[in-house]
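Below is one structure, written out as structure tokens, with a few remarks after it.
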Amino acid sequence: MFDDNLPDEVYWGWMEEVCALVYERTCPGGAIYFMQREKNTEQALRCLRKTGWTLQNLIIWLKRTSAVPNGHRFGKRYQIIAFATKGDSPRLFNRLRIDPPLRPEHRQPRQNGVFLTDCWEDIRELTSGYFAGDEALRSPTGERLHLQQSPVALLLRIILSSTNVGDWVLDPFAGTGTTGIVAEQLQRNSLLIEISPANVEIIRGRLAEQRAADSVQRWRHYYRFTPDLETVWPTEAAQRWGTAQQMVLFEPKDTYGRD
Ligand SMILES: C[S@@+](CC[C@H](N)C(=O)[O-])C[C@H]1O[C@@H](n2cnc3c(N)ncnc32)[C@H](O)[C@@H]1O
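So, in structure tokens, the structure goes:
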């Protein structure tokens, strides 16, 4: 398993290997969404460029929760998601329209929402504390099972933007399997790789349970102005959760980043 205390050069050398492998296996025009902490922006962009990817957007995921305080510079409130493609133009890009609440400075209500931009400020992260809400996976005694569990809403946006029904999605660092949970509900196939057997068990349990908190349906209304929504996100997908798609769950025996 990757060790967070490895020197930067080792980590980024390993990440380059991963990004190069993913590039090799991606179809022409296929997309990668590479999420990193803001402090790693420079390395993340370099890593993608060196491994052949073409940057399309540097997405700012502005956390709706509190900032990480910092004594000698501004507190940190966002994470980056570099969206890049294999080749200059994406094989497909579904332009999503959302219907965010009207800001006080906007006096006229919108008739049909707005297209998404590269600033995502409407997705709440699952904090480490109590406020993580129902979506956070917990043990019977209430402890979080994985502190880096991504919100369903984040993967929903990524998968809807860059895939159509029947496409394949790869998550080489699957964690609690949020990518697979969302892909399955959207009728996309997924390949999840997760090194920790404990996490793989969490993924299996999560898939089997089909929790209401994992349903993507509560977001559908928010995207209702998206052109061709029915093609990108068929209504019937909701009824097929857990049955329709192929999912491959893989626990690698060989590890990267360790001697
Ligand atoms: C940031 S978490 C992913 C969280 C995930 N997005 C979710 O929603 O739960 C990264 C995961 O990568 C896994 N991991 C670390 N090194 C790995 C490796 N070499 N191969 C596969 N998985 C690895 C860790 O065990 C961890 O669960």
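Taking our numbering, the leading residue of the sequence shown gets 12, the next gets one more, and so forth. Cβ atoms here follow ideal geometry from the backbone N, Cα and C, with glycine treated the same way.
Among the options, the one whose alpha carbon lies nearest that of residue i
| i | options | result |
| --- | --- | --- |
| residue 202 | 180, 95, 128 and 219 | 180 |
| residue 126 | 119, 116 and 109 | 109 |
| residue 166 | 119, 144, 191 and 228 | 191 |
| residue 210 | 150, 177 and 200 | 150 |
| residue 259 | 53, 195 and 239 | 195 |
Residue i (DSSP reduced to helix, strand or coil)
| i | result |
| --- | --- |
| residue 182 | strand |
| residue 268 | The predicted position of residue 268 is uncertain, since its pLDDT is 37 and thus under 50; a value taken from the coordinates is nonetheless stated next. If DSSP states are grouped into helix, strand and coil, residue 268 belongs with coil. |
| residue 189 | helix |
| residue 226 | coil |
| residue 64 | coil |
| residue 18 | coil |
| residue 244 | coil |
| residue 142 | helix |
| residue 255 | Residue placement at residue 255 cannot be trusted, given a pLDDT of 47 that sits under 50; what the coordinates show is reported in the next sentence. Three-state DSSP puts residue 255 in coil, outside helix and strand. |
| residue 12 | Residue confidence is low: residue 12 scores 49 on pLDDT, short of 50, so the model does not pin down where it sits. Its coordinate-derived value is still stated next. Here residue 12 sits in coil by DSSP. |
| residue 164 | helix |
| residue 137 | coil |
| residue 47 | strand |
| residue 73 | strand |
| residue 116 | coil |
| residue 210 | helix |
| residue 121 | coil |
| residue 221 | coil |
| residue 237 | coil |
| residue 103 | coil |
| residue 174 | coil |
| residue 37 | coil |
| residue 231 | coil |
Residue i: CB within 7 Å of a non-hydrogen atom of ligand 1
| i | result |
| --- | --- |
| residue 219 | no |
| residue 172 | no |
| residue 205 | yes |
| residue 185 | yes |
| residue 210 | yes |
| residue 189 | yes |
| residue 160 | yes |
| residue 232 | no |
| residue 117 | no |
| residue 83 | no |
Rounded Cβ spacing between residue i and residue j (contact assumed at less than 8 Å)
| i | j | result |
| --- | --- | --- |
| residue 186 | residue 159 | 6 Å |
| residue 136 | residue 74 | 5 Å |
| residue 7 | residue 72 | No answer is possible for residue 7: the residues shown for the chain start at 12 and end at 270. |
| residue 67 | residue 101 | 7 Å |
| residue 271 | residue 133 | No answer is possible for residue 271: the residues shown for the chain start at 12 and end at 270. |
| residue 188 | residue 168 | In fact, because the Cβ distance is near 17 Å, the residues do not count as touching under 8 Å. |
| residue 91 | residue 49 | 6 Å |
| residue 30 | residue 58 | 6 Å |
| residue 87 | residue 34 | Going by Cβ atoms, the distance from residue 87 to residue 34 rounds to 29 Å, so no, they are not a contact pair. |
| residue 199 | residue 174 | 5 Å |
| residue 171 | residue 107 | 6 Å |
| residue 105 | residue 243 | 5 Å |
Residues bridged to residue i [DSSP beta-bridge criterion]
| i | result |
| --- | --- |
| residue 198 | Its beta-bridge partners do not exist; DSSP assigns none. |
| residue 126 | 108 |
| residue 87 | 79 |
| residue 261 | 204 |
| residue 96 | 42 and 65 |
| residue 155 | 149 |
| residue 131 | 72 |
Any C-beta of chain E under 8 Å from that of residue i
| i | result |
| --- | --- |
| residue 224 | In summary, chain E is missing from the structure at hand, where a single protein chain is found. |
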